[in-house]
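Single-structure report; data block below.
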Amino acid sequence: MEGSPYLSNDLLVVEILVRLPEEALLRLMAVCKSWKSIITSPEFCSLHLSTNRHPSKILLITRDRGQFNPDDDTIPKQRYLLLDNDEHLPADPSWLAPFDFPFECPNTISYHILGSINGLICISLIPSYFWVDVEVNIPIVLWNPTIRRCVCLPEPNFSYMYTSSIEFGYDATTDDYKILVIRRVGGSTTTTTTTPALEFHIYSLNSHAWRGGFKMCPPAGTGERGDRRLFCGTDAFAGGKMHWLVSNEINYDEVELDEFELLCKSKSLYSFDVAEEVFAEMALPPPDEVGVQPVLTVVRDSLHLVQPTLGLEMPIYWTIWVKMDAGGSCDMYWKKLYRVDVDVTAKFVCFLKNGELLMDMCPPHLDDHGVLAAYDPRARQFKDLEPLSLSQQRAVGSVRSFNHQESLVLLDR
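The UniProt record's numbering puts the sequence shown at residues 1 to 413.
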């Protein structure tokens, strides 16, 4: 530990403490002042994080059945589950456990998780008037459930719609957590005579302040309007970059493309380098046949794209791609890994460490609801993970997932 800030007689203590789990360290803070000083130091928190880097849990968000009802300020209830992700064991129903939020905020009807990085969960609080197409200041919180600490972001000097793209990332070069808000300004989205611009604002945890109003010029080849629709909430932070799926809004009256060609040409991948604070764009791999909305997911800090496809005989299969980045934006390309075939209707949720795929499955004998299941692509078998009592009240296809790990982030703040 060359260059360590610790005294020589503390080094052995640090070597032992850094290998302990977070809950044990929180208890050991009460042993003596010197141990508390070590555990709460920024150097120890960073060292502990780098020693225990791999996420071991998956945070799942599901939504109950029902419709949004603006008349009585209600939306279908969201439920939160924590799934243990053990690479040495097959998936088991006992891995699922309830996960609750401690926040109680006025005029808030739900929470929207934006991402989880290094044990820090970024949450936006959904206001009761969220369906109104107006610009507001939506409260955002950074929360570490392991140490039960949170940071409320300062109110920005700009407003934005609930549907704006809000993303969460981490700058490893400065050990800083950043939140990016992309909002549409000016122009009109209903005519082709004016071009709405996109601008972005950045919050830094290190400075605890917003800065921005930076304009995003549409990249070349977006068409005359330059109008771009970002599919937000991907939780696709990998390799120091945030990622979005982007749809170029095409004037269908002025182009002569069939449905398949439009599908291939109308979507691309946008990325934002959190350290350099620059954007880049790359095309998506072409779908094999009739594709639907692809899914971005992260495996061991690498961005993967899961491309669902409906075959000619209607079973769904997925093509798995990984984004390769040899350097700058000009060196990015897609590498095809493998294809997964299943014989039932199912929606991909995420990869498990043991090589299985977590699916929201809709088997034929369940007419009105689905069930969370782990799919073994080698044996081509499903294993139910979700209790029947929970799956019966859940809306099919409503599951979102986030990689999560326990950490001491925020303990030194």
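Backbone N, C-alpha and C fix where the C-beta goes; we use that ideal spot for every residue, glycine too.
L385 burial status per 10 Å Cβ neighbour count (16 or more: buried) = buried
inquiry  = Please give me, in chain order, every unbroken run of the beta strand (DSSP E) with length at least 3 that falls completely inside the region 342–376.
reply    = If only uninterrupted beta strand (DSSP E) runs of at least 3 residues are considered, those enclosed by the region 342–376 are 345–351, 357–362 and 371–376.
task = Taking L96 as the reference, give the member of M324, T62 and V246 with the closest Cα.
result = T62
query = Around the Cβ of T319, are there at least 16 other Cβ atoms within 10 angstroms (buried) or fewer (exposed)?
reply = Label assigned to T319: buried.
task = From the DSSP output, in three-state form, read off P308 for me.
result = strand
request  = Using only alpha-carbon positions, find the residue among R339, K353, A275 and D273 that is nearest to V298.
outcome  = K353
ask   = Near G213, what residues of its chain come up, given a Cβ to Cβ distance below 8 Å and the 5 sequence neighbours on each side ignored?
value = F158, E199 and H201
request  = Check each candidate in L372, E276, F402 and Y375 and name the one with the smallest Cα separation from D301.
outcome  = F402
Coil, strand or helix - residue 450 by DSSP = Limits of the chain in this structure are 1 at one end and 413 at the other, which puts residue 450 out of reach.
task = Give the secondary structure of E199 by DSSP, where H, G and I count as helix, E and B as strand, and everything else as coil.
result = Shown here, E199 sits in a strand according to DSSP, grouped into three states.
message = Out of C350, D175, E281 and L269, which one is the CA nearest neighbour of A275?
response = D175
inquiry  = Quick check on N206: buried or exposed, where buried means 16 or more other Cβ atoms within 10 Å of its Cβ?
reply    = exposed
inquiry  = Tell me which residue opens and which closes the beta strand (DSSP E) that A238 is part of.
reply    = Unbroken run through A238: none, as it is neither H nor E.
ask   = Per DSSP, W210 forms a beta bridge with which residues?
value = Answer by DSSP bridge pairing, in chain order: Y203.
query = Which two residues bound the contiguous alpha helix (DSSP H) that contains L28?
reply = E22 to L28
Under the three-state DSSP convention, the category L120 falls into = strand
Contact check, K335 vs L303, beta carbons under 7 Å = Not in contact: K335 and L303 (Cβ atoms no closer than 7 Å).
inquiry  = Distance check for V306 and L337, CA to CA, integer angstroms please.
reply    = 10 Å
inquiry  = In the DSSP output, what is residue 427 paired with across the bridge?
reply    = Residue 427 is absent from the structure shown; the chain starts at 1 and stops at 413.
task = Put K77 into one of helix, strand or coil per three-state DSSP.
result = coil
inquiry  = Suppose you measure from the CA of E281 to the CA of P294; what does that come to, to the nearest Å?
reply    = 16 Å
task = Can you have a look at I16 and say buried or exposed, based on whether 16 or more other CB atoms are within 10 angstroms of its CB?
result = exposed
request  = For N85, count neighbouring C-beta atoms within 10 Å of its own C-beta (all shown protein chains included) and say buried if the count is 16 or more, exposed if not.
outcome  = buried
ask   = At what residues does the beta strand (DSSP E) containing C150 begin and finish?
value = R149 to C152
ask   = So which of I138, V278 and A283 has the shortest CA-CA distance to K267?
value = From the listed residues I138, V278 and A283, the smallest Cα separation to K267 is found for A283.
task = Given a cut-off of 7 Å, decide if D412 and C45 are closer than it, judged by their beta-carbon atoms.
result = Going by C-beta atoms, C45 is nearer than 7 Å to D412.
query = Using CA coordinates, which residue listed in V278, V246, E277 and H208 is at the minimum distance from Y270?
reply = V246
query = For V13, which of helix, strand or coil comes out of DSSP?
reply = helix
query = So what's T173 in DSSP terms, helix, strand or just coil?
reply = coil
query = Is it right to say E261 is buried, meaning 16 or more other beta carbons lie within 10 angstroms of its own, or is it exposed?
reply = Note on E261: pLDDT 46, under 50, position unreliable in the model; the coordinate value appears next. Exposed.
query = Taking just the CA atoms, how far does K77 sit from S398?
reply = Their Cα atoms are separated by approximately 11 Å.
message = Going by C-alpha to C-alpha distance, which of T40, L11, I58 and D10 sits closest to residue 421?
response = Any property of residue 421 remains undetermined from this structure, which presents the chain solely from 1 to 413.
task = Measure the CB-CB distance between L28 and V409 and report whether it falls below 7 Å.
result = no
query = In whole angstroms, what separates the C-alpha of L83 from that of D171?
reply = Distance between the alpha carbons of L83 and D171: 27 Å.
Collapsed DSSP secondary structure at L385 in the structure displayed = coil
inquiry  = Considering only the alpha carbon of each residue, which of V371, P145 and L153 lies closest to L125?
reply    = L153
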